[in-house]
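Chemist: When the sequence shown is numbered by my numbering, its final residue is 522 and no position is left out of the sequence of numbers. Next up is a structure, given as structure tokens.
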Amino acid sequence: ATSWLNFLLGFVICSIPVCVVKDSMAGSGSQVFISLAVVLANSCQFVFAERASSTEQRISQDSGVFRRGGYQWSIEVEDAHEDGNIFPTLQQMQNGVFEVLQYGESDTGVEDKSNLLSAHEAGMYVTGGTFDLFPDDVALFTTKPYNPARSGSGSNQHGNMMVGDIKALYLKGSKMGKVEVLHTSRGLPNGGVLDRDGFPLFCIQGAEDHVIEPWAGIYKLVKNGSGKEFQLQPEVNYWRASKHTNKKKAQHFNSPNDVVVHSDGTIWFTDPIYGAKQQIRPENLLGNWVWRYDPKTQLVRVVADGFERPNGLVFSPDFKTLYVSDTGWETGSPTEGQVYINPRTIYAFDVCQEGCPSGAYLTNRRLIYASDDGIPDGLKIDTEGNIYSGNGDGVHVVDKLGNLKGKIKCAKNCEGEDGCRPCEGVANLFFGKGINEKKLYMLAEGEIVSVMLNIQGCAAAAVDSSNRKTPFFCWQFQDWEESFVM
Numbered sequence: 037a038t039s040w041l042n043f044l045l046g047f048v049i050c051s052i053p054v055c056v057v058k059d060s061m062a063g064s065g066s067q068v069f070i071s072l073a074v075v076l077a078n079s080c081q082f083v084f085a086e087r088a089s090s091t092e093q094r095i096s097q098d099s100g101v102f103r104r105g106g107y108q109w110s111i112e113v114e115d116a117h118e119d120g121n122i123f124p125t126l127q128q129m130q131n132g133v134f135e136v137l138q139y140g141e142s143d144t145g146v147e148d149k150s151n152l153l154s155a156h157e158a159g160m161y162v163t164g165g166t167f168d169l170f171p172d173d174v175a176l177f178t179t180k181p182y183n184p185a186r187s188g189s190g191s192n193q194h195g196n197m198m199v200g201d202i203k204a205l206y207l208k209g210s211k212m213g214k215v216e217v218l219h220t221s222r223g224l225p226n227g228g229v230l231d232r233d234g235f236p237l238f239c240i241q242g243a244e245d246h247v248i249e250p251w252a253g254i255y256k257l258v259k260n261g262s263g264k265e266f267q268l269q270p271e272v273n274y275w276r277a278s279k280h281t282n283k284k285k286a287q288h289f290n291s292p293n294d295v296v297v298h299s300d301g302t303i304w305f306t307d308p309i310y311g312a313k314q315q316i317r318p319e320n321l322l323g324n325w326v327w328r329y330d331p332k333t334q335l336v337r338v339v340a341d342g343f344e345r346p347n348g349l350v351f352s353p354d355f356k357t358l359y360v361s362d363t364g365w366e367t368g369s370p371t372e373g374q375v376y377i378n379p380r381t382i383y384a385f386d387v388c389q390e391g392c393p394s395g396a397y398l399t400n401r402r403l404i405y406a407s408d409d410g411i412p413d414g415l416k417i418d419t420e421g422n423i424y425s426g427n428g429d430g431v432h433v434v435d436k437l438g439n440l441k442g443k444i445k446c447a448k449n450c451e452g453e454d455g456c457r458p459c460e461g462v463a464n465l466f467f468g469k470g471i472n473e474k475k476l477y478m479l480a481e482g483e484i485v486s487v488m489l490n491i492q493g494c495a496a497a498a499v500d501s502s503n504r505k506t507p508f509f510c511w512q513f514q515d516w517e518e519s520f521v522m
């Protein structure tokens, strides 16, 4: 009841009209009362959280915090009047915009991590029927690395090695709401994206030794010959600078973190040294670089350096700008920890694909945003060019110039006497497709939550395999259609 009173009080304060304006032009001296809408809402931040039912894992509208696990989600808008085209209105918030799709324990303080939800990275929306990979729509994601020897009682044949899972959450059909492990790999899957054909691509960080396969690189998730099991097929898994590069003398990547696909089919990915710092990979051999791989030539090239830890990346809707986050604030090292003078920033680059005067694919680097809470991890974008970054306190939304538009905030344990504590943050996020094109899905380790926005997101690889003319990514831009004719 208290939360509803606070809500109504805030609504009245932010929308109360001001009257009584004397018409100095009227000779009769009469007063004309003109009702003016006060733009107090421009300076008001509205915060509204919804509570999830412990039985249906959906939203109940009668309270202000999540019941399950004490999670609380809310929205803070910098300018409610100006940014209403992005965030839900107050009336929409009342009707419900959040939905808990899956809930499970996070890995905080838990030794057996094999059965956790661990919704960590590589969020992507795959439409049912895409190359017979899935019968219904699913959300794909990857888990944090864990030691399978600690699953259940006693040790097993895995010893002390680390593995990671690729999982699917079914969004429709008879399996709706269920989570399945599609593939477990010593390669430690991390970020992911759909390629221009609709196949899932994953960053594989690599095993604890360079000899062990799969090597670090970018891999496609496909089904094996029998069509019953998923397996990883390499796209690029060593530095091939020349067509004469010998795989036996290959230079290995560090631990690829995130990946995007350009409209021309080239694959761009970040390769920080997190794996080595976290002691799950050999010592780094290469720099903290951003790479571009061309499937046509099968050559891979460094396109940007100068990062502490290059992490998330996303193209603008017209593919003329690449945004890259640097999360060096979080070193990944158990001894170094967080270095507060290191970057937690987002940079923008101009993209040049052909006939570049300087020979560089990326030019005009500029800093556009620095996070005030945690690191800007995964990045996504909407059709208007607003950037969504997964952060320590939820999701930060900024425009293409780096101006903060608002936050989708996450907290937990709000029912305790000490008040809310930060949740594990949102490492990755993704937009839906079709009727869900305005839904933003957030991976918060122990929860997968969606929020309905008022703007369409750029969902990767919306190509229809039966109609290759269908544009992907921001497919509503019809002037790109000719480039998709195969």
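Even for Gly, the Cβ is constructed at its ideal location relative to N, Cα and C. Quick caveat: nothing in here was measured; it's all calculated off a predicted structure.
1) Taking G242 as the reference, which of G234, R232, D233, I254 has the closest Cα?
2) To the nearest angstrom, how far is it from the Cα of P124 to the Cα of D418?
3) Is it right to say Q108 is buried, meaning 16 or more other beta carbons lie within 10 angstroms of its own, or is it exposed?
4) Can you round the beta-carbon distance between N422 and I122 to whole angstroms, since I take them to be within the 8 Å contact cut?
5) So the candidates are P250, Q127, I303; which of them puts its Cα closest to the Cα of V326?
6) One question on the structure: do H298 and F355 come within less than 8 Å of each other, judged by their Cβ atoms?
7) How would you write the range of the alpha helix (DSSP H) that Y310 sits in, first residue to last?
8) Find the nearest neighbour of K285 within the set L415, N273, P292, judged by alpha-carbon distance.
9) Using the Cβ count rule (16 or more neighbours within 10 Å means buried), how would you classify H280?
10) Please classify V387: is it buried, with 16 or more other beta-carbons within 10 angstroms of its beta-carbon, or exposed?
11) Does DSSP classify M129 as helix, strand or coil?
12) Exposed or buried, G213, counting other C-beta atoms within 10 Å across all chains shown (16 or more means buried)?
13) Among the residues of its own chain, which have a CB less than 6 Å from the CB of Q492, if the five just before and after it don't count?
14) How do the region 466–485 and the region 150–161 stand: do at least 3 beta-carbon pairs fall below 8 Å, yes or no?
15) Taking C-beta to C-beta, are P181 and I316 nearer than 8 Å?
16) For N347, which option in Y310, L322, I240, L153 has the closest C-alpha, if you only look at C-alpha atoms?
17) Please report the Cβ distance between T306 and V360, rounded to the nearest whole angstrom; I am assuming they are in contact, meaning their Cβ atoms lie under 8 Å.
18) What's the call for N260, buried or exposed, on a 16-neighbour Cβ count within 10 Å?
19) Could you give the DSSP three-state label for D168: helix, strand or coil?
20) At which residues does the beta strand (DSSP E) containing C446 begin and terminate?
21) For G228, count neighbouring Cβ atoms within 10 angstroms of its own Cβ and tell me buried if that reaches 16, exposed if not.
22) Using the Cα positions of L169 and V462, report the straight-line distance between them to the nearest angstrom.
23) Can you list, in chain order, the residues of its chain with a C-beta nearer than 6 Å to that of P379? Leave out the 5 residues immediately preceding and following it.
Modeler: Taking the definition as stated:
1) I254
2) 15 Å
3) buried
4) 6 Å
5) I303
6) yes
7) Annotation for Y310: the continuous alpha helix (DSSP H) segment containing it runs 310–313.
8) N273
9) With fewer than 16 other Cβ atoms within 10 Å, it is exposed.
10) Classification for V387: buried.
11) helix
12) exposed
13) T419, E473, K474.
14) Yes, since at least three Cβ pairs between the region 466–485 and the region 150–161 fall closer than 8 Å, the two stretches touch.
15) yes
16) Y310
17) About 7 Å separates the Cβ atoms of T306 and V360, confirming a contact at the 8 Å cut-off.
18) Residue burial is scored here from C-beta neighbours: N260 has fewer than 16 other C-beta atoms within 10 angstroms and is therefore classed as exposed.
19) helix
20) 440–448
21) So G228 counts as buried.
22) 27 Å
23) E344, D362, G364
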